[in-house]
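Scroll down for the structure; my scribbles are underneath it.
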Amino acid sequence: MFGRKIESKLRDWRSSVVRKPLILRGARQVGKTSIVRKFAEENFDNFLEINLENKDQKEYFGEAKNVDDFVKRVEFFTKKKITEGKTLLFIDEIQESVDSLNLLRFFAEEKPNLHLIAAGSLLEAKMYGKWNVPVGRVEYMYLYPMTFFEFLGAIGQEQLADDPKTTHSLLVKHLIDYLLVGGMPEAVLSFVNDGGFATVQEVHERLTVSYAEDIDKYASPTERKYLQLIMNFGPKIAGSVYKYENFGDSEYRSREVREAINLLQRVMLLREVPSINSINLPFVLKLKRAKKMVWLDVGIVNFTNNAQFDLLKGEYGGKIMEQFVGQTLVAGGFRRGVELVYWSRNKDEGSAEVDFCFQHGNKIVGLEVKSGNTKNLKSLFSMIDIGGDKVIPVRVSWDQFGVERYKYSGKEYKILSIPFYLLERVEEFLI
1 MFGRKIESKL RDWRSSVVRK PLILRGARQV GKTSIVRKFA EENFDNFLEI NLENKDQKEY
61 FGEAKNVDDF VKRVEFFTKK KITEGKTLLF IDEIQESVDS LNLLRFFAEE KPNLHLIAAG
121 SLLEAKMYGK WNVPVGRVEY MYLYPMTFFE FLGAIGQEQL ADDPKTTHSL LVKHLIDYLL
181 VGGMPEAVLS FVNDGGFATV QEVHERLTVS YAEDIDKYAS PTERKYLQLI MNFGPKIAGS
241 VYKYENFGDS EYRSREVREA INLLQRVMLL REVPSINSIN LPFVLKLKRA KKMVWLDVGI
301 VNFTNNAQFD LLKGEYGGKI MEQFVGQTLV AGGFRRGVEL VYWSRNKDEG SAEVDFCFQH
361 GNKIVGLEVK SGNTKNLKSL FSMIDIGGDK VIPVRVSWDQ FGVERYKYSG KEYKILSIPF
421 YLLERVEEFL I
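In structure tokens:
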């Protein structure tokens with residue numbers, strides 16, 4: 001099992017004196033179950049796992065009247081004793097039982113020393129409406145596809161990032177491999193074992209089919225056609241902006257498309273990036289403007305677009321690197337989702353758009369993605385002119401790390417230049 005960055009967060013949770021039951025959130029097949037098993041093996045004397053997708057287990061544990069009854073049933077079913085502080089209890093596919101989910105609220109009070117993690121592949125789709133999620137009684141962590149650094153670790157090349165000045169060309173080579181493989185653990189494992197891309201594509205195809213089949217598990221009959229449209233067309237516009245109306249050249253209305261996208265965002269297959277038009281904090285989202293789409297995984301995006309060759313050329317190269325940047329920034333939100341936006345001036349003020357923005361302390365990081373050789377940063381300069389010291393300007397490209405100085409329209413600008421392969425460390429470089 002590959003190492004994941006979230007493991008350090010899980011260890012912090014294990015030792016916390018204010019620990020609550022943990023719900024691990026993430027899309028299907030991002031490795032939630034595997035990482036819990038690895039965490040248990042390395043940090044606990046005892047590991048008890050139940051899976052409520054199993055009908056017999058769902059019925060048996062769903063009949064538990066209270067926390068003590070549930071714990072006794074776990075011990076009877078697993079034939080193992082729970083020792084608080086030394087045992088990790090894992091409830092997988094908890095979305096299959098509303099009764100078990102509701103019980104989580106009482107574990108923090110009645111069994112505060114019991115380490116309990118719950119997860120569910122489609123939990124996000126049910127955490128609304130009639131489902132009574134125990135807000136304030138549980139903690140959350142988010143797991144995303146493997147990042148580039150995690151990919152480097154999987155192929156035994158993590159040391160390359162320690163001295164990027166001398167390993168630049170190798171890091172670029174491995175990043176291109178990562179763009180094709182993506183971060184889905186099964187795809188990475190296939191690449192590690194086989195060394196080629198043919199079996200990786202087979203994995204991507206299986207994952208794409210399984211996500212489409214999942215629609216029937218959480219969508220009503222009237223929602224399915226809209227969700228299928230998003231599933232088919234979404235990866236094709238990953239890294240670019242879109243509007244709800246006539247999405248994918250359909251005749252569907254804005255409301256139906258918006259609701260379908262929101263549902264797929266809840267199951268974490270995509271992330272919408274809304275726009276802002278000011279440099280003030282907190283962000284004031286312009287929700288009626290076009291959004292930018294970041295799909296779950298860059299490897300799946302390339303597979304869907306049949307873009308295994310000439311990956312980085314032309315307009316598609318720009319979109320795929322925006323997908324990579326968006327996916328990488330999103331993956332940094334272990335404890336809470338990263339608020340990611342893009343900045344766009346009002347049309348009557350001139351044309352200017354900065355690809356991604358996020359808050360860093362009391363400042364805004366404005367991040368321009370440059371997949372080609374161009375160093376045209378007029379939009380970023382415009383953002384700096386408006387925001388001044390409130391803005392931390394960053395250019396992300398294939399170039400090496402450095403601080404660049406530009407002269408434009410009689411003004412001087414200092415821009416932090418970060419290579420794509422170091423993007424995960426962006427906050428280390430911000431001042």
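Take the sequence shown: its letters are residues 1 to 431, numbered as in full-length UniProt numbering.
We put the beta carbon where it would ideally sit given N, CA and C, even for glycine.
Near the ligand HEM: residue i beta-carbon under 8 Å from a heavy atom
{"i": "K375", "result": "No copy of the ligand HEM occurs in the structure displayed, which carries no ligand at all."}
6 Å Cβ shell around residue i - same chain, five flanking residues per side excluded
{"i": "L88", "result": "A40, F44, F47 and H115"}
{"i": "K20", "result": "A108, V138 and E139"}
{"i": "L218", "result": "First, the amino acid is wrong: residue 218 is Tyr here, not Leu. Correct list, in chain order: L122 and A125."}
{"i": "L269", "result": "A27 and L296"}
Neighbourhood of residue i by C-beta, 7 Å cutoff - its chain only, sequence neighbours within 5 removed
{"i": "P235", "result": "W295, I300, V301, T304 and N305"}
{"i": "E75", "result": "K81 and I82"}
{"i": "L287", "result": "P274"}
{"i": "E110", "result": "V67"}
Buried/exposed call for residue i, threshold 16 Cβ in 10 Å
{"i": "V403", "result": "exposed"}
{"i": "E368", "result": "buried"}
{"i": "F247", "result": "buried"}
{"i": "A260", "result": "buried"}
{"i": "Q327", "result": "buried"}
{"i": "R105", "result": "buried"}
{"i": "Q159", "result": "exposed"}
{"i": "V354", "result": "buried"}
{"i": "E93", "result": "buried"}
{"i": "A198", "result": "exposed"}
Nearest-angstrom beta carbon gap, residue j and residue i [assumed within contact, 8 Å]
{"i": "L263", "j": "A119", "result": "That pair is no contact at about 19 Å."}
{"i": "S371", "j": "M321", "result": "4 Å"}
{"i": "Y252", "j": "Y226", "result": "6 Å"}
{"i": "S230", "j": "R224", "result": "Note on residue identity: the sequence assigns Ile, not Ser, to residue 230. Contact doesn't hold; Cβ gap of about 11 Å is too wide."}
{"i": "I364", "j": "I431", "result": "Not quite, the Cβ-Cβ distance comes to about 14 Å (not below 8 Å), so this is no contact."}
{"i": "W398", "j": "G366", "result": "So it is not a contact: roughly 19 Å between Cβ atoms."}
{"i": "G317", "j": "L311", "result": "7 Å"}
{"i": "E84", "j": "N66", "result": "17 Å between Cβ atoms; not a contact."}
Proximity below 9 Å, CB of residue i to CB of residue j
{"i": "K58", "j": "S121", "result": "no"}
{"i": "K291", "j": "E315", "result": "no"}
{"i": "S382", "j": "G337", "result": "no"}
{"i": "E339", "j": "F309", "result": "no"}
{"i": "V341", "j": "F283", "result": "yes"}
{"i": "T78", "j": "I117", "result": "no"}
{"i": "E413", "j": "L171", "result": "It should be noted that the sequence gives Tyr, not Glu, for residue 413. Not a contact, by the Cβ cut-off of 9 Å."}
{"i": "F429", "j": "K9", "result": "no"}
{"i": "G3", "j": "G195", "result": "no"}
{"i": "S275", "j": "R289", "result": "yes"}
{"i": "F356", "j": "V325", "result": "yes"}
{"i": "I155", "j": "V192", "result": "yes"}
{"i": "I415", "j": "R425", "result": "no"}
{"i": "Y242", "j": "R255", "result": "no"}
{"i": "I35", "j": "E53", "result": "no"}
{"i": "R37", "j": "F90", "result": "yes"}
{"i": "L143", "j": "V298", "result": "no"}
Residue i at chain D interface by Cβ criterion, 9 Å
{"i": "R206", "result": "Of the protein chains in this structure there is only one, and it is not chain D."}
Own chain partners of residue i with C-beta closer than 8 Å, once the 5 adjacent residues on each side are dropped
{"i": "F70", "result": "F61, A64, S100 and L103"}
{"i": "H168", "result": "Q400 and P419"}
When you compare the stretch 176-186 with the stretch 138-148, are there three or more beta-carbon pairs, one atom per stretch, that lie closer than 8 Å? Look at the beta carbons and you see the stretch 176-186 touching the stretch 138-148: at least three pairs across the two are nearer than 8 Å.
At a cut of 8 Å, does the stretch 201-219 reach the stretch 28-42 through at least three beta carbon pairs? Between the stretch 201-219 and the stretch 28-42, the count of Cβ pairs shorter than 8 Å is three or higher; the stretches touch.
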